[in-house]
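Contents: one structure, followed by commentary.
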Amino acid sequence: MSDAGPPRRKRRWFLWALGAVVVLLLAAGLVLPSLIDVERFRPQIERVLQESTGWDAELGDIELSLFRGALSVSPASLTAPGGDTSRIEIGRIDVKASLLPLLRKELRIERIRLVRPEILLVRTNEDSGWIVPIASSEQDANGETPRERAVTDAVEPDAAETVGSSGDATGEQAGSESDGFVVVIDEIGVRDGTLRLEDRALTPPLSIEINEVTASFFPADGSVVGRLSFGEHEGEARWRGQLDKTIEVTLKDLKTELLQAFLGQDLIRGGGRLSGEVTLAFPLRIEGNLTVDGLTLLSGERPFDAAGLEFVISPLGVGWQLERLEFNADGVRLVGSGALSPALALQLELPDTALEAVLRASESVLPLPIEVVAPGNVSATIRVDQPEGGELTYEASGSFSAAEVRPGDLLPAAKDVQATFSLDRAGRLEVQIINGTIAGGPANGTAVIEQIYPPGTLRFSGGLRDAVFGQLLGGLVDEAKPVTGPTGFDAALGVDLSREVLDARSLSGKVEFSARSLSMPGWNLDQAVRGKLEQTAGSGSAGLLMGLLGKDGKSDTSAGDVVETVERLIDSLEGTINFDRWPWGIEDVRLAVGDVSSTGSGSFDPEQGTVAFSLTAQLTREASDALVARYGLLKVLRDRSGRLTLPVRIEGPLMAPSIKVDVDAALKGNLLGGGDKKDNVKSLLRGLLDRKKKKKND
């Protein structure tokens, strides 16, 4: 019994001592906050924030609980100068610390938590860039930057606040590193944060909002973990890793509009989704392997099918570079590299690729204003540039082959084409034809589209040999399709691709043509001239004279003037088509059929399919001599070279025109046009008198 006394007394003493400590701690936790005026540190804290960021800082209520080792500030804000652009607003800042480590000169902060932070970052113009909290790097007379000066002022307050009544500089010693005081932070976290990016430099302005940002950073080992959302059904991102090693980021269904803030609205169109993995390696290097659904670029009219995107990004000087890019979509593979910032300068390579795949992909990037038909192949080099503060431009060059290139329904297709092409920054596309045929004949030349999007004017300069006449005109006149005969031309032709409907009025420029051995019905000029001459000669001198005097009472379109439509081989047809006139002008016409050759000009109305020519027809000297020998009176129709010469008018449908031979006009021109024709007039009068005398005697 006596041996049990001392231990009980020791136990009771320990309990009393422990209780006293608890009471003292409770009292300290209740009393010290009222004795310590934390508000006196507000100016120093706000000054540290303002001078280290360059933004205006404002703190709300500051509460201190020594019992819990907790400090809270609610709310807190940082605002960019001017107050109407970027800002950071934090609902509450919670700081939780352990008190016991203070006994071994260690401040252990268990957690710093930013609750409901709202961050707005704004870009007002391309020159100033994004407005972010970055302090000036200028140094004062003491060689300190504003950030360094702010930290110094916070650690070493005014002498009135740091020097005690005995004159000891207690505050200076407490803030020095030589005292061995250690600050340890276990976790820095963000809960329910919001980040909004507003790019007011774009038209229209672009706004991206990132919600539900929750993240934690553990300084002891540099590990980070977090997630964020871009809104309901707008995609999310999660990340995990270590800052000094790698961070793995998983993206799910992010909208492609997010890329517009970095690559611009001109290059990236909206409507797509990004998913995949991105790795951030330190020193900073970004590698990604993404899948993109519904992506549309530049002037594309339909999105790509599922596309794969692999890339490596790393710092380059003050900007970023794309070390490697590989893009696979719709059977097309692009590889490239270049600078991303501060100026965009990318070079992409398209290795030899099936034309079918390129045509499909072009619908998602830059639709072609003309129809190109597979099979074939394409290879190209593409450059995309955007100087800092400038506009996005692109250019391309390469080669291609195609089964057909169809500029429209009016013009014949080019077949079996092999060509090179170049697209400049102004959108001008030039195609140099190396091999190919048009309407069955070999073609060469250069086609230029002044502006590919929106489409401008297609201009072709070049030549064609031994093409089939009917195939050349078949797009304009259906009846001309069966016409055979080799045709060549030298063209400076334009087609206005901007018109809603490509028709005959879309053409401009001139084409010099030359055709031979054409099988065209209704163009038997030889028969028409001979028939009219024989008909006129059969009427004798009286008929010629009455026609000359215009007193025969008949119109110029007698039945004998219209030749029955028969198919005739045109020996040759040459001229120039002037597409700048309407109807089209047919100039410098040279037409040869049998013994008749004609020159003149006219027009062709492709909408009606009709022609109107005024020609001067001449028989060969041999044919003229034969007719004059048979009909002596016809000698009055000879020209100075001894050839029978007559005006001819050809009018009507291209494939069945009427041919009018105007003998009366020829007579007036020959007999009344000069004094040297008096003998011919006398011959006509003598013939007329002899005929009347003969009738009288009969």
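Using my numbering, read the sequence shown as starting at -1 and increasing by one per residue.
The C-beta atom is built at its ideal place from N, Cα and C for all residues, glycine as well.
Because the structure is a prediction, the values reported are computed rather than measured.
Asked                                                                                                                                                              : Found
Would you say P73 and V188 are within 8 angstroms of each other, going by their C-beta atoms?                                                                      : no
Taking three-plus beta-carbon pairs below 8 angstroms as touching, is the segment 620 to 634 in contact with the segment 486 to 501?                               : no
How long is the line joining the alpha carbons of Q469 and G600, rounded to whole angstroms?                                                                       : 22 angstroms
Which residues does DSSP pair with I43 in a beta bridge?                                                                                                           : DSSP output for I43 lists no bridge partner at all.
Where does Q240 sit, in a helix, a strand or coil, going by DSSP?                                                                                                  : strand
Helix, strand or coil for V587, going by three-state DSSP, please let me know.                                                                                     : strand
When burial is assigned at 16 or more other CB atoms within 10 Å of the CB, is F577 buried or exposed?                                                             : buried
Would you mind giving the Cβ-Cβ distance between F467 and L516, rounded to the nearest angstrom? I have them listed as a contact below 8 angstroms.                : 6 angstroms
Using DSSP with H/G/I as helix, E/B as strand and the rest coil, what is A445?                                                                                     : strand
Rounded to the nearest angstrom, what separates V153 and Q42 at their Cα positions?                                                                                : With a pLDDT of 39 at V153, under the threshold of 50, the predicted position of this residue should be treated as unreliable, though the coordinate-derived value follows. Rounded to the nearest angstrom, the two C-alpha atoms are 9 angstroms apart.
Closer than 6 angstroms by C-beta to I107: which residues in its own chain qualify, once you throw out the five before and the five after it? Chain order, please. : A95 and I183
If we require 4 or more residues per run, which alpha helix (DSSP H) segments fall completely within the segment 333 to 392?                                       : 353 to 360
Can you tell me the Cα-Cα spacing of G650 and G472, whole angstroms?                                                                                               : 18 angstroms
Within a Cβ cutoff of 6 angstroms, which residues of the same chain sit near V113, ignoring the five residues on either side of it in sequence?                    : G89, R90 and R189
Does the beta-carbon distance from A400 to A372 come in below 8 angstroms?                                                                                         : yes
How would you label T254, buried or exposed, when you count the other beta carbons within 10 angstroms and need 16 or more for buried?                             : buried
Mind checking W521: buried by the 16 CB within 10 Å criterion, or exposed?                                                                                         : buried
Using only alpha-carbon positions, find the residue among V356, E393, V223 and P203 that is nearest to E185.                                                       : V223
Near W237, which residues of its chain fall below 6 angstroms by C-beta distance, leaving aside the five closest residues on each side in sequence?                : G224, I245 and V247
For the candidate residues P405, I648 and D264, whose alpha-carbon lies nearest to that of S656?                                                                   : I648
With 16 other CB atoms within 10 Å as the buried threshold, where does R322 fall?                                                                                  : exposed
Rounded to whole angstroms, what's the CA-CA distance from R121 to E196? Just pull it up for me.                                                                   : 6 angstroms
Under a three-way DSSP split, which group does A664 fall into?                                                                                                     : helix
What's the call for S639, buried or exposed, on a 16-neighbour Cβ count within 10 Å?                                                                               : exposed
Which same chain residues, not among the five before or five after L278, have their C-beta less than 6 angstroms away from its C-beta?                             : I245 and I284
Measure the alpha-carbon distance for S297 versus L252 and round it to whole angstroms.                                                                            : 22 angstroms
Have a look at G438 and A411 and give me their C-alpha separation to the nearest angstrom.                                                                         : 10 angstroms
Name the DSSP beta bridge partners of G224, please?                                                                                                                : A213 and W237
Tell me whether the beta-carbon of S84 lies closer than 8 angstroms to the beta-carbon of L57.                                                                     : no
Is it right to say E299 is buried, meaning 16 or more other beta carbons lie within 10 angstroms of its own, or is it exposed?                                     : exposed
Buried or exposed: T534, going by 16 or more other Cβ atoms within 10 Å of its Cβ?                                                                                 : buried
Alpha carbons only, please: which of E104, F611, G317 and L474 is nearest the one belonging to D407?                                                               : L474
For L571 and G483, what's the separation of their Cα atoms in angstroms?                                                                                           : 10 angstroms
Locate the alpha helix (DSSP H) running through T277, then write down its first and last residues.                                                                 : Here T277 belongs to no alpha helix (DSSP H); instead the beta strand (DSSP E) covers R271 to A279.
What are the partner residues of A95, as DSSP defines its beta bridges?                                                                                            : I107
Which whole-angstrom value describes the C-beta separation of V594 and A615, a residue pair presumed to lie in contact below a C-beta threshold of 8 angstroms?    : 5 angstroms
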